[in-house]
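Worksheet: one structure, shown below.
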Amino acid sequence: MSQAPSQTARPRPYRLAELGLLILAIAIATVAYALVGLGVEGTIPANVYGYAGWLAALGLTIHIVVWIKAKYADPVLVPIAVLLNGLGLAMIYRVDLGRKEYLGSGMTQLIWMTLGVGLAIAVIFIVRDHRWLRRYTFVSGFAALLFLLLPLIPGLGKTINGARIWIGVGSMSFQPGEIAKILLAIFFAGYLVSYKDQLVAAGPKILGIRFPRLRDFGPIVIAWVASVGILVFEKDLGTSLLFFGLFVAMLYVATSKVSWIILGLGFFAAGAVAATFLFTHVQQRVDGWLNALTAEEYNKEFGGSYQLVQGLFGMSNGGLVGTGFGEGRPNMVPYAESDFIYASFGEEIGLAGLFVILLCYLFIFQRGIRTAQQLRDGFGTLLATGLSFTIALQVFVVVGGVTRLIPLTGLTTPFLAQGGSSLIANWMIIGLLLRISDNARRPVEDFHTGVLRITEDPEPAKKTAPAAVGTGAAVGSAASANHTDEDAPTTNLSRADREAPTTDLTSADDYDPADHHSADPNHTGRRNNGGER
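The sequence shown finishes on residue 782 if you use our numbering, and the numbering steps up by one all the way, no holes.
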C-alpha cells in the first residue's frame with residue numbers, strides 16, 4: 250500500500266517553469282508580429298528585433314521581480330498575460346497597416362503595456378500582505394464611486410460615441426471605470442466578509458429554496474440602483490453589467506446561497522426590460538442585436554448593426570484555421586483594433602485560434618479560483634474570486650456581443666484590445682493575483698523573508714483542566730481548536746505541526762503603512778476608438 254505524500258511537503262516555486270512559458274509566449278508573439286509584416290507588405294518588419302527585445306525586457310523584468318519578491322506566486326499568470334498582450338500588439342499593428350495613414354498604434358499600445366507592467370510590479374512591492382487592503386474597505390468603495398462619477402463632471406468628462414465614460418487628461422483620454430472595478434472588488438470582499446452572517450440569516454422558504462430576509466435585501470438593491478444609474482447617466486451598458494454581475498458573483502461565493510443568484514438574475518432582468526423601453530441607446534442595442542441581418546438595421550447611420558454583421562462575416566471568412574496573419578480584411582469592421590479585435594482574430598487565425606485565446610482566459614480564471622480555494626482567510630478568498638470574475642465576466646460580455654449571443658456593450662477584450670486604461674487595470678489585477686497566490690502557497694520556513702512572518706503566542710499555553718471537572722470545557726477547547734477564523738493564517742500544516750507556535754500572515758494591525766510607498770493614483774490611459782456606439 251502506497252503512502253500518501255506528506256501534507257507538510259515544501260511547495261515548489263516553479264519559477265523555471267514560468268521562465269520557460271514566458272520565453273514561449275514571447276516567441277509566439279514575435280512570430281505573429283513578423284507574419285503580419287509578411288502578409289501585408291511581403292517583408293518582415295524592420296523593427297521586429299526591437300519589438301521582441303522590448304517585449305522580452307518587460308516579461309523578464311516582472312519575472313525577476315516575482316522570483317525575488319513573490320517566488321511562490323502562480324507561474325502561469327505572467328506568461329499568459331504576456332502572450333495575450335503580445336498577440337494583441339500584433340493585431341493592432343496589422344489593423345494599423347490596413348489604414349490609409351499609418352498611426353503607429355501598436356507602438357502606443359506597447360508603451361501602455363510598459364506602464365501596466367510597471368504598475369503590476371509596484372503592486373507586488375507595495376502590497377506585501379493582501380489582508381492589508383481590508384483596512385481600506387470603505388475607502389475603496391468611496392474611491393470607486395468617485396471614479397465612476399468623474400466622467401459626469403462638466404469640463405472633465407468626455408462623450409465619445411454616445412457614451413460619457415471618459416475624462417480628458419491633456420490630449421489623452423482616460424476611462425476611470427477600469428480602475429473602479431478593482432476598487433469595487435476590494436470593497437465587496439471587505440464588506441461581504443464583515444456582514445456575511447446577516448446575509449445568510451434564515452428567511453422564507455419558497456419552492457424549496459431558502460431566501461434571505463426582506464431586511465437583508467439592502468446590499469443587492471443598492472448595487473442594482475448604482476448599476477442602473479451608470480446605465481442612465483453615462484450610457485455605459487458594459488460597465489453597468491460588469492459591476493452588477495461582479496457583486497452578485499461575490500455575494501454567492503460569500504454566502505453559498507443560490508437564492509442570491511436567483512434574486513440577482515431577477516433584478517437584472519427587470520432592469521434590462523425597463524431600460525429597453527425607457528432609454529433610446531439601450532433600445533438601439535437590442536434592436537441591432539435582434540434584427541441584425543435586416544436591411545433597416547444594417548443600413549442605419551448610427552446605432553445599427555453594420556459593424557456586428559461585418560464582424561460575423563469576417564469570422565465566417567476565417568473558417569476553422571483562418572486566412573493567416575495579414576491575409577484577411579479586418580479593416581472592413583469599424584473599431585477592429587478595440588471593440589471588435591476578437592472578430593479580427595477570428596478572420597485571420599480562425600475558430601481554432603479563437604478557442605486557444607478563450608482557453609488562455611480560462612486558465613487565468615482557473616488559476617485565480619484555485620488561489621482563492623488555497624487561502625484560509627475570507628477576505629483573500631473573496632478578493633481573488635472577485636478579481637478572477639472581473640476578467641471572466643468582461644471576456645464573456647465582449648465575446649458574447651461580438652458573436653451575437655448578447656447585445657453589444659462597448660467593453661474591450663482584456664490584454665488584446667487597444668486601450669491604455671483597460672490594459673493598465675488588467676495588469677494591476679495580475680499583480681494582485683500574483684501577490685495573493687504567493688501568500689497562499691508560501692511555506693512556514695520562508696516567513697522570515699519579511700513578506701510574511703511568524704508570530705508567537707503572547708501568553709503561554711494553559712494547562713489542561715482535569716477530566717473530572719467536566720466534559721464541557723474539553724468540548725469547548727476542541728471546538729475552539731477546530732475553528733477557522735475568517736482571517737486565519739494561510740498555511741498547509743499537518744495536525745502535528747499545529748502544536749508549533751502560531752503561524753500567521755502579517756496582520757492588518759501589525760502592518761505599518763509607513764514601510765511602503767503609496768501608488769500614484771494619477772494613472773492615465775487612452776482608448777482611441779471603441780466604446781458605446
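Note that beta-carbon positions come from the ideal geometry of N, C-alpha and C, so glycine has one too.
Note that the structure is a prediction, hence the values are computed from the model and not measured.
Item, Value
"Residue interval of the alpha helix (DSSP H) (run including Trp381)", "Careful: Trp381 lies outside any alpha helix (DSSP H) and carries neither H nor E."
"Residue range of the alpha helix (DSSP H) that includes Ile275", "Arg264 to Glu290"
"C-alpha distance - Phe516 paired with Gln533, whole-angstrom precision", "21 Å"
"Through-space distance from Leu490 to Ser505, alpha-carbon basis", "22 Å"
"Per-residue DSSP class, three states only, for Thr543", "coil"
"Whether Arg348 touches Val289 by CB criterion (8 Å)", "no"
"CA-to-CA distance, Gly635 to Ile431, given in whole angstroms", "9 Å"
"Buried or exposed by the 16-neighbour rule on C-beta atoms within 10 Å, applied to Phe594", "buried"
"Secondary structure of Phe493, DSSP reduced to three states", "helix"
"Extent of the continuous alpha helix (DSSP H) to which Lys445 belongs", "Gly426 to Leu448"
"Local Cβ density within 10 Å of Glu267, reported as buried at 16 or more and exposed below that", "buried"
"Simplified DSSP assignment, three categories, for Ala412", "strand"
"Coarse secondary structure for Lys318, derived from DSSP in three states", "helix"
"Nearest-angstrom Cα separation, counted from Ala666 out to Ser587", "5 Å"
"Same chain only: Cβ atoms within 7 Å of Ala674, ignoring 5 sequence neighbours per side", "Glu427, Ile428, Lys430 and Ile431"
"Boundaries (first-last residue) of the alpha helix (DSSP H) holding Ser671", "Gly669 to Arg690"
"Distance, Thr529 Cα to Val325 Cα", "43 Å"
"Cα-Cα separation between Leu657 and Gly487, rounded to whole angstroms", "8 Å"
"Burial state of Ser554 (16 or more Cβ within 10 Å)", "buried"
"Contacting residues, own chain, Cβ-Cβ under 6 Å from Leu382 (five flanking each side not counted)", "Ile435"
"Check whether Phe492 and Ala475 have beta carbons under 8 Å apart", "yes"
"Where Gly721 sits in the DSSP three-state scheme", "Confidence at Gly721 is low in this model, with a pLDDT of 40, below 50, so the placement of that residue should be treated as unreliable; the coordinate-derived value is given next. Three-state DSSP puts Gly721 in a helix."
"Residues that DSSP places opposite Met340 in a beta bridge", "Its beta-bridge partners do not exist; DSSP assigns none."
"Limits of the beta strand (DSSP E) - the one that Ser422 falls within", "Met421 to Phe423"
"Spatial distance of Tyr351 from Ala301 (CA atoms)", "21 Å"
"Alpha carbon of Trp303 to alpha carbon of Ile293, nearest angstrom", "17 Å"
"Sequence-distant residues of its chain with Cβ nearer than 6 Å to Asp323 (five each side left out)", "Arg616 and Ser686"
"Close beta carbons around Val651, own chain, < 7 Å, minus the five adjacent residues each side", "Gly560, Phe589, Tyr591 and Ala592"
"Cβ contact check for the stretch 669-683 and the stretch 371-379: 3 or more pairs under 8 Å", "yes"
"Inter-stretch contact at 8 Å, needing at least 3 Cβ pairs: the stretch 303-319 / the stretch 268-284", "yes"
"Rounded separation between Leu346 and Phe551 - CA only", "26 Å"
"Extent of the continuous alpha helix (DSSP H) run through Thr634", "Gly627 to Val651"
"Proximity winner among Leu395, Val522, Val331 and Leu557, relative to Ala274 (alpha-carbon distances)", "Val331"
"Per-residue DSSP class, three states only, for Gly602", "helix"
"Cβ shell of Leu569 (< 8 Å), same chain only, five flanking positions each side left out", "Gly599, Leu600 and Ala601"
"Other residues of its chain near Ala498: CB distance less than 8 Å, five sequence neighbours each side excluded", "Thr634, Gly635, Phe638 and Leu642"
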